[in-house]
């Protein structure tokens, strides 16, 4: 009798179907908490201080006063622009090679990261500048 009861239990088990929602396509946006204004501008000044003056005449560095709003790097034929969007607490990097990229401050890593792929701004800027010069930029 016991054996037939065990068999009966096994036959009554059913499988349940579980559906997993598909991942949303498009850009991945991580909402980072906004920094206090003083901390945001400190992060901007930190990034700006890493840009040394050019060591040759093929590059020109143009800073927008002391406001840290815009930084323009001129080469012989191209122009790279780094602009601070204080209302969104982001930095936009415009490059003739990579196009327009948006960066947010990552307080844990203490660096500006791309909002889509989390790469830092210095890596992309270095790669793009290396296409126009012989050597590696100093940061």
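Numbering (full-length UniProt numbering), first residue to last: 1 to 139.
Cβ coordinates follow ideal geometry from the N, Cα and C atoms, glycine included.
Bear in mind that the values here come from a model prediction, so they are computed numbers and not experimental data.
Within 10 angstroms of the Cβ of residue 71, are there 16 or more other Cβ atoms? Answer buried if so, exposed if not.
-> Along the chain shown, read from residue 1 onward, the residue named residue 71 stands at position 71. Looking at its Cβ environment, which holds 16 or more other Cβ atoms inside 10 Å, residue 71 is buried.
Under a three-way DSSP split, which group does residue 89 fall into?
-> Along the chain shown, one-based indexing puts residue 89 at 89. The three-state reading of DSSP puts residue 89 in coil, since its state is none of H, G, I, E or B.
The alpha helix (DSSP H) with residue 143 in it runs from where to where?
-> Examination of residue 143 is not possible in this model, given that the chain is present from 1 through 139 alone.
Residue 112 to residue 77, Cα distance in whole Å?
-> Numbered from 1 along the chain shown, position 112 holds the residue referred to as residue 112. Numbered from 1 along the chain shown, position 77 holds the residue referred to as residue 77. Their backbone Cα atoms lie some 27 Å apart in a straight line.
Thinking C-beta only, is residue 91 closer than 9 Å to residue 44?
-> Along the chain shown, read from residue 1 onward, the residue named residue 44 stands at position 44. Along the chain shown, read from residue 1 onward, the residue named residue 91 stands at position 91. Taking 9 Å as the Cβ cut-off, residue 44 and residue 91 qualify as a contacting pair.
Three-state class that DSSP yields for residue 71 in the structure shown = Within the chain shown, residue 71 is the residue found at index 71, counting from 1. The answer is strand: DSSP assigns residue 71 an E or B state.
What did DSSP end up calling residue 46 once you bin it into helix, strand or coil?
-> Reading the chain shown from its first residue, position 46 is the one you call residue 46. Residue state, collapsed to three classes: helix.
With a threshold of 16 other CB atoms inside 10 Å of the CB of residue 87, please say whether the residue is buried or exposed.
-> Within the chain shown, numbered from 1, the residue matching residue 87 stands at position 87. Label assigned to residue 87: exposed.
At what residues does the beta strand (DSSP E) containing residue 100 begin and finish?
-> Along the chain shown, one-based indexing puts residue 100 at 100. 99-106 is the span of the beta strand (DSSP E), which, as asked, contains residue 100.
For residue 40, the nearest candidate out of 99, 103, 93, 79 (CA to CA) | For the purposes of this step, residue 40 is taken as the residue at position 40 of the chain shown. Out of 99, 103, 93, 79, 103 has the C-alpha closest to the C-alpha of residue 40.
Please report how far the alpha carbon of residue 107 lies from the alpha carbon of residue 35, in whole angstroms.
-> Taking the first residue of the chain shown as 1, we reach residue 107 at position 107. Taking the first residue of the chain shown as 1, we reach residue 35 at position 35. Roughly 9 Å between the two C-alpha positions.
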